[in-house]
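K.L.:
Following this message is one structure expressed as structure tokens.
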Amino acid sequence: MRRVYLDNNATTRLDAEVLDVMMPYLQESYGNPSSLHWLGDEAAKALAESRERVARTLNCYSSEVYFTSGGTESDNIAITGCALSGKDRKRIITSAVEHSAVLDTCYALQERGWELTVLPVDRGGLVNPHDLEMVIDDDVLLVSIMTANNVIGTIQPIEELAAIAHEHGAIFHTDAVQGYCHIPIDVQAMDVDMLSVSAHKIHGPKGVGALYVRDGTPLSPIMYGGGQEGGIRPSTENVPGIVGLGKAAELAYENMGDRERRIALLRDRIIDGLLEVEGIHLNGHRSPRLANNAHFRIDGVIGTDLVLALSDRGIAASTASACSASSPSPSHVLMAIGLTWEQAESSLRLGLSHHTTSEDVDYVLEMIPSTVRMLREAKRFNLSKA
Ligand SMILES: Cc1ncc(COP(=O)(O)O)c(C=O)c1O
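The opening residue of the sequence shown carries number 1 in the numbering used here; numbering runs sequentially from there.
Now the structure itself:
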């Protein structure tokens, strides 16, 4: 049976070149970067080189890049670290479609006394800058709005949102885990103060990420230990992982234009093909949207049933985010764009990568309509009465 991996918004396959550069740091160059001897030096040099590589992809100084254990930790450090930084402002603004690494961190701070405003989005998942203008004031400490959505791929107008935050003296953080190396990210042009990225969404290893923190941004540590990463993220550095992140970022950044153009063509074939099937609808705007994301709601079908049936046919897909896959309630992102519970439950996310082929798309366009038909028939679902 053909196997097609279309869950690249959840995670991606490690690129062979990335594995090659990681291997020596797992076996021969296994030193602790803080050690003074030659083996420590090798590890310290590898860290410095990766920091340079990541900095180049973000257009920042390498001293502004802090390595973390992933996107979740980057978001937690940015938001909680900023909240604890001692400024007397006690208000945070975020959006209803953020990843739980941002939303739940904000809710936890709300329980500890911070005031929280959650901005709504339109039916395609876009935050309207005017809505931010309406609620922001000079009491806001932090605005955190994601660069691109992990469920429906919507790309937010970050430059405009950051400018509004700055007019009111607030700090601006963006979770760029899904956008990084898929769309151009330039922290100077976007004028953001903090930005989170993760390696495993760009064909790097799992368990490693980075946080960009503009020099001078107030940030307190949320963990204490040996003082690594400027004290912002203590713990012995994951050298092989960080080397993998640096290489994956460099490769994805250098090939971004070609890769994303090709992926967008395949993605558009999937969207156009599936929209021809009665009762299949696209969630999210067609543009601005990540090239690697297609998200549908399918009348008369439960998303998890479809994902399992597709898995039996060799297709790896998802309904929404990987972290919410085991939750009984539908994705908060789908509820935020105004879907009913039933509509949100009938969803399918297809995430592509540069490993996706035209033959994969042919297979998917053959299998999904027939699988949907089979599931509808099993439920005796009548489209004309939907
Ligand atoms: C938008 C977004 N933020 C944060 C994360 C968490 O990243 P990590 O898995 O590296 O902790 C993810 C991963 O799904 C994501 O899509």
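The beta carbon of each residue, even a glycine, is placed where N, CA and C say it ideally should be.
In chain order, what residues of the same chain have a beta carbon less than 7 Å from the beta carbon of Y363, not counting five sequence neighbours either side?
P.N.:
Translated into positions along the sequence shown, residue 363 becomes position 363. Closer than 7 Å at Cβ, skipping near neighbours: R2 and V4.
K.L.:
Closer than 8 Å: is that where the CB of Q178 sits relative to any heavy atom of ligand 1?
P.N.:
Taking the first residue of the sequence shown as position 1, residue 178 is located at position 178. Yes, since a heavy atom of ligand 1 falls inside the 8 Å radius drawn around the Cβ of Q178.
K.L.:
Would you check if the distance between the CB atom of N9 and the CB atom of K201 is smaller than 9 Å?
P.N.:
The count along the sequence shown starts at 1 and reaches residue 9 at position 9. The count along the sequence shown starts at 1 and reaches residue 201 at position 201. Against a cut-off of 9 Å, the Cβ pair of K201 and N9 comes out as a contact.
K.L.:
Within the present structure, is the beta-carbon of N150 separated from the nearest heavy atom of ligand 1 by less than 8 Å?
P.N.:
Translated into the one-based positions of the sequence shown, residue 150 becomes position 150. Yes, the Cβ of N150 comes within 8 Å of a heavy atom of ligand 1.
K.L.:
Leaving out five residues before and five after I171 in sequence, what residues of the same chain have Cβ atoms less than 8 Å from its Cβ?
P.N.:
Taking the sequence shown and counting its residues from 1, one reaches residue 171 at position 171. If we look at I171 and ignore the five residues flanking it on each side, its Cβ neighbours are C82, L141, L142, V143, A165, D193, M194, T217 and P218.
K.L.:
In its own chain, which residues sit with a C-beta less than 6 Å from the C-beta of F381, not counting the 5 before and 5 after it?
P.N.:
Within the sequence shown, residue 381 is the residue found at index 381, counting from 1. G300.
K.L.:
Consider the C-beta atom of S358 and the heavy atoms of ligand 1; say whether any pair is separated by less than 8 Å.
P.N.:
Position 358 of the sequence shown, counted from the first residue, corresponds to residue 358. Answer for S358: no, Cβ out of range of ligand 1.
K.L.:
Nearest to N150 by alpha carbon, out of A210, D175 and E42?
P.N.:
Counting from 1 along the sequence shown, the entry for residue 150 is found at position 150. Nearest C-alpha to N150: D175.
K.L.:
Check the DSSP bridge columns for V4 and list the partner residues they point to.
P.N.:
Start at 1 with the first residue of the sequence shown, and residue 4 comes out as number 4. DSSP output for V4 lists I315 as bridge partner(s).
K.L.:
Can you give me the start and stop residues for the alpha helix (DSSP H) that S358 sits inside?
P.N.:
Taking the sequence shown and counting its residues from 1, the one referred to as residue 358 is at position 358. Where S358 is concerned, the enclosing alpha helix (DSSP H) stretches over S358 to A378.
K.L.:
Rounded to a whole number of angstroms, what is the C-alpha to C-alpha distance between I263 and V65?
P.N.:
The sequence position of residue 263 within the sequence shown is 263, counting from 1. The sequence position of residue 65 within the sequence shown is 65, counting from 1. Whole-angstrom Cα-Cα distance: 29 Å.
K.L.:
Below 8 Å, is the gap between the Cβ of D75 and the nearest heavy atom of ligand 1?
P.N.:
Here residue 75 is taken as the residue at index 75 of the sequence shown, counted from 1. Checking every heavy atom of ligand 1 against the Cβ of D75, one is found closer than 8 Å.
K.L.:
Please classify P394 as buried or exposed, where buried requires at least 16 neighbouring CB atoms within 10 angstroms.
P.N.:
The structure shown does not extend to residue 394, since the chain spans only 1 to 386, so no value can be given for it.
K.L.:
First and last residue of the beta strand (DSSP E) that includes N293?
P.N.:
The residue you call residue 293 lines up with position 293 of the sequence shown. Looking at the DSSP string, the run of the beta strand (DSSP E) that includes N293 is N293 to I298.
K.L.:
What first and last residue would you give for the beta strand (DSSP E) that runs through L412?
P.N.:
Nothing about residue 412 can be read from this structure; the chain reaches only from 1 to 386.
K.L.:
Tell me whether G71, by its Cβ, gets closer than 8 Å to a heavy atom of ligand 1.
P.N.:
Translated into the one-based positions of the sequence shown, residue 71 becomes position 71. Within the cutoff, so yes.
K.L.:
Among the candidates E52, S50, R51 and G31, whose CA atom is the shortest distance from the CA of E42?
P.N.:
Here residue 42 corresponds to residue number 42 of the sequence shown, with the count starting at 1. Here the closest residue by C-alpha is G31.
K.L.:
Check for me: the alpha helix (DSSP H) holding G273 runs from which residue to which?
P.N.:
The residue you call residue 273 lines up with position 273 of the sequence shown. First-last of the alpha helix (DSSP H) with G273: M256 to L275.
K.L.:
From the DSSP output, read off the bridge partner residues of I183.
P.N.:
As a working mapping, residue 183 is identified with position 183 in the sequence shown. DSSP lists Y180 as partners of I183.
K.L.:
Pop quiz: T356 and L266 are said to be a contact at Cβ under 8 Å. What is the actual Cβ separation, rounded to whole angstroms?
P.N.:
Residue mapping note: residue 356 aligns to position 356 of the sequence shown, counting from 1. Residue mapping note: residue 266 aligns to position 266 of the sequence shown, counting from 1. About 6 Å; that satisfies the 8 Å criterion.
K.L.:
Would A378 be called buried (16 or more neighbouring beta carbons within 10 Å of its own) or exposed?
P.N.:
By one-based count along the sequence shown, residue 378 stands at place 378. The residue is exposed, with fewer than 16 neighbouring Cβ atoms inside 10 Å.
K.L.:
Do V18 and ligand 1 come close, with the Cβ less than 8 Å from some heavy atom?
P.N.:
Here residue 18 refers to the residue found at position 18 of the sequence shown. Not under cutoff, so the answer is no.
K.L.:
From the DSSP output, in three-state form, read off V301 for me.
P.N.:
Taking the sequence shown and counting its residues from 1, the one referred to as residue 301 is at position 301. Reduced to three states, the DSSP call for V301 is coil.
K.L.:
Which residue's Cα is closest to the Cα of F296: R313, L334 and I315?
P.N.:
Reading the sequence shown from its first residue, position 296 is the one you call residue 296. The shortest Cα separation from F296 among R313, L334 and I315 belongs to L334.
K.L.:
Does the beta-carbon of V102, which I'm using as the reference point, lie nearer than 8 Å to any heavy atom of ligand 1?
P.N.:
Working through the sequence shown from its first residue, we reach residue 102 at position 102. Yes, Cβ of V102 sits closer than 8 Å to a heavy atom of ligand 1.
K.L.:
Would the beta-carbon of R259 fall within 9 Å of that of V361?
P.N.:
As a first step, residue 259 is located in the sequence shown; it is residue number 259 there, counting from the start. As a first step, residue 361 is located in the sequence shown; it is residue number 361 there, counting from the start. The answer is no: Cβ separation not under 9 Å.
K.L.:
Any heavy atom of ligand 1 closer than 8 Å to the CB of H391?
P.N.:
No statement about residue 391 is possible, as the shown extent of the chain runs from 1 to 386 and does not include it.
K.L.:
Taking all protein chains shown into account, do 16 or more other C-beta atoms lie within 10 angstroms of the C-beta of V127, making it buried, or fewer, making it exposed?
P.N.:
Counted from its first residue, the sequence shown places residue 127 at position 127. The residue in question, V127, is buried, as its Cβ has 16 or more Cβ neighbours within 10 Å.
K.L.:
Does the distance from the CB of L348 to the CB of I368 come in under 9 Å?
P.N.:
Sequence index remark: in the sequence shown, residue 348 carries index 348 (1-based). Sequence index remark: in the sequence shown, residue 368 carries index 368 (1-based). Taking 9 Å as the Cβ cut-off, L348 and I368 qualify as a contacting pair.
K.L.:
Who are V213's beta bridge partners in DSSP?
P.N.:
As a working mapping, residue 213 is identified with position 213 in the sequence shown. In DSSP, V213 forms a bridge with M194.
K.L.:
If you run the structure through DSSP and keep just helix, strand and coil, what is G351?
P.N.:
Locating residue 351 in the sequence shown gives position 351, counting from the first residue. Strand, per DSSP.
K.L.:
How long is the line joining the alpha carbons of I158 and I77, rounded to whole angstroms?
P.N.:
As a working mapping, residue 158 is identified with position 158 in the sequence shown. As a working mapping, residue 77 is identified with position 77 in the sequence shown. I158 and I77: Cα-Cα distance of roughly 20 Å.
K.L.:
Looking at the strands, I want to know which residues DSSP matches up with V97.
P.N.:
Indexing the sequence shown from 1 puts residue 97 at position 97. DSSP lists no partner for V97.
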